[in-house]
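A.B. asks: In the working numbering, the protein residues as written are 2 to 212.
Every residue gets a Cβ at the ideal spot worked out from N, C-alpha and C, and that includes glycine.
Structure incoming, see below.
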Ligand code: HEC
């Protein structure tokens with residue numbers, strides 16, 4: 002894949018799952034990756050089809066992870082919930098994605114699990130999101146076509162409850178949790194976050210036959 006340019010294009014405005022329902026179908030100017038580095042503008046005629054499916058999967062995946070995590074934290078405590086997350090987070094998401102016939106992952110510029118590493122196009126979107134966030138803007142859903150398939154990206158912001166595992170050592174992240182994380186993820190970069198920080202993004206890749 003060769004991505005040369007990053008230029009204004011159409012996208013659907015997605016502020017959150019709730020607001021997305023309200024603005025479904027709205028299209029505005031925004032940057033999206035070009036396909037194979039070609040310089041011409043691409044239309045994405047299927048955006049109205051892609052976006053609602055993407056948001057449904059992301060909504061369900063987020064809810065599945067949160068429910069499973071909260072239940073484990075309540076019953077087993079934060080330290081064991083980290084082990085649970087390590088073993089099950091990706092499997093839960095993958096199971097759900099296969100139900101919908103899409104690939105789904107979470108990625109970030111500051112990774113905890115190196116297996117969640119971003120690809121080239123994902124890195125560009127993450128960098129774009131980071132610059133938007135640094136300028137105080139709210140990041141929104143983005144759509145691109147990479148190697149002939151649609152990829153939908155959606156920002157992940159940190160909530161208060163996430164700081165128990167992604168927060169500041171000795172403050173929001175307690176000692177036991179910090180120790181467990183060090184054992185499991187010796188190169189963990191996903192620490193030191195506060196609520197409202199941009200943590201990373203969801204990426205949905207649609208199979209060619211999807212649309
Ligand atoms: C119980 C601890 C725990 C809580 C709470 C938690 N996480 Fe995580 N998070 C983890 C672990 C462990 C991983 C690595 C999972 C894996 O191995 O794929 C992870 C990975 C991630 C990733 C994937 C990218 C990477 O760095 O590997 C994102 C994105 C993420 N978390 C966001 C969040 C958000 C947002 C919240 C709050 C809604 C949250 N996490 C709450 C433990 C937690």
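Per DSSP, residue 155 forms a beta bridge with which residues?
C.D. replies: As a position in the chain shown, residue 155 is number 154, starting the count at 1. DSSP, once it has assigned bridges, lists 203 as partnering residue 155.
A.B. asks: I need the straight-line Cα distance from residue 65 to residue 136, nearest angstrom please.
C.D. replies: Within the chain shown, residue 65 is the residue found at index 64, counting from 1. Within the chain shown, residue 136 is the residue found at index 135, counting from 1. Roughly 31 Å between the two C-alpha positions.
A.B. asks: Within the present structure, is the beta-carbon of residue 120 separated from the nearest heavy atom of ligand 1 by less than 8 Å?
C.D. replies: The sequence position of residue 120 within the chain shown is 119, counting from 1. Not under cutoff, so the answer is no.
A.B. asks: Would residue 154 pass as a contact of residue 143 if the rule is Cβ separation under 9 Å?
C.D. replies: Working through the chain shown from its first residue, we reach residue 154 at position 153. Working through the chain shown from its first residue, we reach residue 143 at position 142. Their beta carbons are under 9 Å apart, which means residue 154 touches residue 143 by this criterion.
A.B. asks: Residue 107 bridges to which residues according to DSSP?
C.D. replies: Walking along the chain shown from the start, residue 107 turns up at place 106. Answer is 203, bridged to residue 107.
A.B. asks: Applying the 10 Å Cβ sphere with the 16-neighbour rule, what's the burial state of residue 190?
C.D. replies: If you number the chain shown from 1, residue 190 lands on position 189. So residue 190 ends up on the exposed side.
A.B. asks: Could you check how far apart the C-beta atoms of residue 123 and residue 54 are, in whole angstroms? I think they sit under 8 Å.
C.D. replies: On the chain shown, residue 123 is found 122 positions in, with the first residue counted as 1. On the chain shown, residue 54 is found 53 positions in, with the first residue counted as 1. Actually they are not in contact, since the Cβ atoms of residue 123 and residue 54 sit about 19 Å apart, beyond 8 Å.
A.B. asks: Would you call the CB atoms of residue 97 and residue 131 closer than 9 Å?
C.D. replies: As a first step, residue 97 is located in the chain shown; it is residue number 96 there, counting from the start. As a first step, residue 131 is located in the chain shown; it is residue number 130 there, counting from the start. Not in contact: residue 97 and residue 131 (Cβ atoms no closer than 9 Å).
A.B. asks: By how many angstroms is the C-alpha of residue 125 removed from the C-alpha of residue 197?
C.D. replies: Walking along the chain shown from the start, residue 197 turns up at place 196. Walking along the chain shown from the start, residue 125 turns up at place 124. So the alpha carbons of these two residues sit roughly 21 Å apart.
A.B. asks: So what's residue 94 in DSSP terms, helix, strand or just coil?
C.D. replies: The sequence position of residue 94 within the chain shown is 93, counting from 1. Looking at residue 94 - three-state DSSP - the assignment turns out to be helix.
A.B. asks: Suppose contacts are defined by Cβ-Cβ distances below 9 Å. Is residue 84 in contact with residue 185 by that definition?
C.D. replies: Here residue 84 refers to the residue found at position 83 when the chain shown is read from its first residue. Here residue 185 refers to the residue found at position 184 when the chain shown is read from its first residue. Yes, the Cβ-Cβ distance between residue 84 and residue 185 is below 9 Å.
A.B. asks: Quick check: what's the CA-CA separation for residue 49 versus residue 57?
C.D. replies: Translated into positions along the chain shown, residue 49 becomes position 48. Translated into positions along the chain shown, residue 57 becomes position 56. The straight-line gap from Cα to Cα measures roughly 13 Å.
A.B. asks: Assuming residue 117 contacts residue 106 (C-beta within less than 8 Å), just tell me the rounded distance between them.
C.D. replies: Looking up residue 117 in the chain shown gives position 116. Looking up residue 106 in the chain shown gives position 105. Their Cβ separation, rounded to whole angstroms, is 6 Å, which keeps residue 117 and residue 106 in contact under 8 Å.
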